[in-house]
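> Protein chains in written order, with our numbering: chain X, -9 to 318; chain V, -9 to 318; chain L, -9 to 318; chain D, -9 to 318. Beta carbons: idealized from backbone N, C-alpha and C, even for Gly.
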């Protein structure tokens, strides 16, 4: 039974608290948050104690911590937790600074403790099935990857300002998905973007609509489309063309009902947002972490993976600024 | 080059005139109709002459006739045309009277001339593909057939009154489809029906909504659903369950565009009605007829098939009246 | 916090134990089973005590019982539990005997305790959405209902022999769905069936493939198709035609991945069986029961509903035997 | 009745000959080809005469010519035909040289004769419906366009060598589609490409897989994906994201049959190639040309449109070579 401390009791912390508590192999024992009330409420809900980061890291009975705090604390907490001997599952991204993330990777390496980065989408049953089919060679040699990833609505401007920008905050999921599916880092990155959804996002120095092209050494290409606004729901699709066919992971719809009337045939919308679409993925992610830690095996998504995704995000940010492709 | 006379210049006659004229192996030479103007206009459109039934049947240069007149004339015209040595393609149904249809079958047999009945749906590429897959054994032993067949809107009451009733007029297509797919006649027929769409149809002695169950000697079952009104278009689907799977022929939609909005994901409707949905089937039907006649082979849908479908329709009509299953 | 005793620790009991334990408003305190080991193991898993039916019913601290025992004990346990003041959620069917179920209904009425029958499919998000749309009038006046309900594989012959037959054991779900969607009992029932899937089922006196037509006083019709074998998975679909359109609830697929190759475009299969397809429904069912009991409101599926479904099943059984429609 | 001369009796010439002959408002009177036999055979099939380019252009009774010759002759023939007073429908592209195409545009302008370029896909019912819905404002302000356009199999290497490259030969259709849907020319073009499908295509100086990003002055973005090989058929899809939703035009499948077995649910493939997928588009294209010429209205796709698409193709070619975005 893995005893777990949860650092961060916000929206995503609550998702993880539920996954930790529901898992037969783990138990939530302590919760911390800069907002003490939030920590208390979440802890109470699952029979854990409210605590502080320090206390959790100092508690030798705690085996693992889940880091769900704000991004700017991730690297420090990963380092402190691994130094304290904990296994760590940390939300993406590792850091907003690639240099800092790399330093973190080095520091963690010295501890030998497992650190897994929460790229939950790898555990989505649809994307996982697509990846597995590709790995089985069902479409032959892979050639061209397309990722469509639209949020239902843009975040508030204050969030945008501290987010590190669309590439580090949002598309980093898709960069990791590309790294995951293609099995290697791209050679070059070219980013186009604009703030056509909301000019205030542009005024905040960010884009809300972007297309990024990734090229690989063997001639393969990937293209990622992001928009901060798809009014019909969370649009999350992946397509992979290979020499023997195409794999395509479509959206998960809210239900399977369709209505045929004089106006057409209307089906349900895609699941609203990540909590709905990826709930099963969060559960599977936690299960993978628990299994790896308990069985003393490698975690399926490493800190290196987190650094890799960040490296692509940083290159995309640079490409957008320069207006030209940028090598990784 | 098959020289063809067309008897009947109404809506379905016009469909056939086009198919006859477009076919490289046939030429429309004469058109007749009780409405002389209709015959003239249609004939002119395709460079044929307006004519009369008698003149067409007496013209030894005409190889084949297509009978697209009102149902009550079918048997007589089939007999006269075959006596005159013509090959015949006749619209469904053979007759409203099963006895008369059987007499026609006997009379035609004596002439040795080919008579094909226009159950156009057998040539629909979707239903034909389903049948072919079943015949290849792709779902193993067939067990349970379902046919959904809804018209977009009910016909006028005067038409209902002379139609012979829903089973002879509309569901006869589905009876033929069941005979075609199952490859044998059912043993029993049970019909339920009501005039829930339009009470005036009930007042005219007919039903507008019906479900018919057919049972077969080997334990197989078929069920057919008809409605005179599906406001979203012509709903034409077939499903066949077998020991190794299910074959399903879905509707043909007007286009492949879908629109995702706050209200859902909306696709196009099914093709509006039979002219839209089955145009390719009419063309393929005519091609099959021309090929059979020219190559002196058996036509793919025989007068016996027409009599068989009518036998099921008659049993369904009797079952509805009696409120019990009726043997064939 | 509702304290719950679970009677029956088999496959479906385990499903309910999980739902009871996961619900914030209920706690599993005791589990009984004819197999004491099964009760112990399931109880241990959720921190409950292994117990006996009697002890659970006698324990005044237990508010509610979930009856998941074999069908032949349902009526007795419902009566005993309500006499003991418990609220009851009982698995379908109420009984194999309609007379016994009616007696149970009468006995329970005298206690005034709530009894809910576990027709879980009403809580399936897809069927619930279809029903809600119909109730909102989105397709106008409802006219023709179709239910397709195929199991992936037939049960063992010993089970068939004690099951009460396909209509009471399997199609009873669909009869309840018809009662639920149509909002009234049918007037007549006509059943066709055969043992085409497995002759041994026929030898055991049952059918494995059946089509049942239900007619309603206002001219509406419903048709239900059952097969004990759909090798591609659990096929669970509902269609409802109305004066303004069609509502259709399609299968839930295992994932959204499709693969396009030289051989065609292949998608995932429907969810394998009821545990996969209806897990969300079981959770929602339990939530509805807890809410009703805590808020002292009517349960959404009553014992009367259980008796009604059984009445249709009994009529279908009689119709199959007689070969004619049977009134309800 | 428009009298038409057809220049070019190859595969696409044959498609047009059929469309011309089937149209009630046009008649094919003469056919020319560098291969005299091909011209004779095609002419004979439709009751036209075999002829030469010169004779056709000199024949004052001929109202219009359809240019379906090899690309390197297009500009010359367009100029000659308009000088001879003919209306012209010319296959894409106008020319392999943008400068030559612009000179042609200028020369034609002086004649005042209508010249339409055969970007047949604008007449595909699916893409046309998507465009119409966007123009009606059904998804609000348009923001992000995606075009997927994969051929089933690469062309022979000798063809590749004279094709002008993938951007002028294949993606030019998609550039025109982008111009059509976005309603303006892009500001910048960035092209990535490789010869991952067939190294011989690379050796011939071309690419077989490419992704092109187009940016527009108002912040809109378009991305086009091309591959010379999709083994499952001709993959032709368009998606358009707007402020109020998404429009999506899916592939046209060979039929609507699906087969559910232990291995999954398999549907038909997309139509094989352009003759199958775009036959209706060719017919509609010809009808639009005939209507415009007869009614003396502007043709729906102008020579300027042809020059515009070529300008984007030329920029894409330059971008691929330079490895950076290129302005239009």
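So which residues of chain L does residue 216 of chain X contact, with C-beta pairs closer than 9 Å?
The contacting residues do not exist; residue 216 of chain X stays about 20 Å from chain L at best.
> Among V:125, V:198, V:63, which residue has its Cα nearest to the Cα of residue 220 of chain V?
Per the Cα distances, V:198.
> Starting from residue 244 of chain V, trace the alpha helix (DSSP H) in both directions and tell me its first and last residue.
If you look at residue 244 of chain V, you'll find it isn't in any alpha helix (DSSP H); DSSP assigns it neither H nor E.
> My output table needs one value for residue 295 of chain V: the three-state DSSP class, helix, strand or coil.
Helix, per DSSP.
> Against chain D, does residue 222 of chain L count as a neighbour if the rule is that its beta carbon must be under 7 Å from one of theirs?
yes
> List the residues that DSSP assigns as beta-bridge partners of residue 140 of chain L.
L:217, L:225
> Whole angstroms are fine: how far does the CA of residue 225 of chain L sit from the CA of residue 260 of chain L?
7 Å
> With 16 other CB atoms within 10 Å as the buried threshold, where does residue 285 of chain X fall?
By the beta-carbon neighbour count (other beta carbons within 10 angstroms, threshold 16), residue 285 of chain X is exposed.
> How far does the beta strand (DSSP E) with residue 185 of chain V in it reach, from first residue to last?
Unbroken run through residue 185 of chain V: none, as it is neither H nor E.
> What residues in the region 251 to 276 of chain L have a beta carbon less than 8 Å from any beta carbon of chain D?
Of all residues in the region 251 to 276 of chain L, 251, 252, 253, 254, 255, 256, 257, 258, 259, 260 have a Cβ within less than 8 Å of some Cβ in chain D.
> Measuring alpha carbon to alpha carbon, tell me which of V:134, V:82, V:299 ends up nearest residue 207 of chain V.
V:134
> Please classify residue 106 of chain X: does DSSP put it in a helix, a strand, or coil?
strand
> List the residues of chain L that residue 116 of chain X touches, going by C-beta distances under 8 Å, in chain order.
245, 246, 247
> Tell me residue 80 of chain D's beta-bridge partners as DSSP assigns them.
D:57, D:107
> What number of angstroms, rounded off, separates the C-alpha of residue 84 of chain V from the C-alpha of residue 296 of chain V?
6 Å
> For residue 44 of chain V, count neighbouring C-beta atoms within 10 Å of its own C-beta (all shown protein chains included) and say buried if the count is 16 or more, exposed if not.
The residue in question, residue 44 of chain V, is exposed, as its Cβ has fewer than 16 Cβ neighbours within 10 Å.
> The alpha helix (DSSP H) with residue 99 of chain X in it runs from where to where?
88 to 101
> Could you name the residues of chain V that residue 213 of chain L contacts, counting a contact when the two beta carbons are closer than 7 Å?
201, 213, 215
> Can you find a C-beta in chain V that's less than 7 Å from the C-beta of residue 242 of chain D?
Chain V contact via Cβ: present.
> If you measure beta-carbon to beta-carbon, which residues of the region 121 to 138 of chain D are closer than 7 Å to chain C?
No chain C appears in the structure shown, which is made up of the protein chains X, V, L and D.
> Within 10 Å of its beta-carbon, does residue 309 of chain L have 16 or more other beta-carbons around it, so buried, or fewer, so exposed?
buried
> Near residue 245 of chain L, which residues of its chain fall below 7 Å by C-beta distance, leaving aside the five closest residues on each side in sequence?
258
> Which same chain residues, not among the five before or five after residue 101 of chain D, have their C-beta less than 7 Å away from its C-beta?
Cβ neighbours of residue 101 of chain D within its own chain (closer than 7 Å, five residues either side excluded): 72, 73.
> Check whether the region 232 to 241 of chain L touches the region 116 to 124 of chain L, taking contact to mean three or more Cβ pairs, one atom from each stretch, closer than 8 Å.
yes
> Taking only beta-carbon atoms, is residue 319 of chain X less than 7 Å away from chain D?
What the structure shows of chain X is the stretch from -9 to 318, and residue 319 of chain X is not part of that stretch, so it cannot be assessed.
> Quick one: is residue 195 of chain V near chain L, going by C-beta distance under 7 Å?
no
> List, in chain order, every chain V residue whose beta-carbon is nearer than 8 Å to that of residue 238 of chain D.
Correct list: 247, 248, 249, 250.
> Applying the 10 Å Cβ sphere with the 16-neighbour rule, what's the burial state of residue 75 of chain L?
exposed
> For the putative contact between residue 20 of chain L and residue -5 of chain L, defined by C-beta atoms under 8 Å, what is the C-beta separation to the nearest angstrom?
Contact holds; Cβ gap of about 4 Å.
> If you draw a straight line from the C-alpha of residue 214 of chain X to the C-alpha of residue 122 of chain L, how long is it?
38 Å
> From residue 269 of chain D to residue 210 of chain D, what distance separates their C-alpha atoms?
32 Å
> Consider the Cβ of residue 3 of chain V: report whether some Cβ of chain D lies at a distance smaller than 7 Å.
no
> Taking only three categories from DSSP, how would you classify residue 39 of chain D?
It is a strand residue.
> Give the straight-line distance between the Cα atoms of residue 98 of chain X and residue 67 of chain X, rounded to the nearest whole angstrom.
11 Å
> Between D:39, D:18, D:16, D:130, which has its C-alpha nearest residue 26 of chain D's C-alpha?
Of D:39, D:18, D:16, D:130, the residue nearest in Cα terms is D:39.
> Around the C-beta of residue -9 of chain L, are 16 or more other C-beta atoms found within 10 angstroms, so that it is buried, or is it exposed?
exposed
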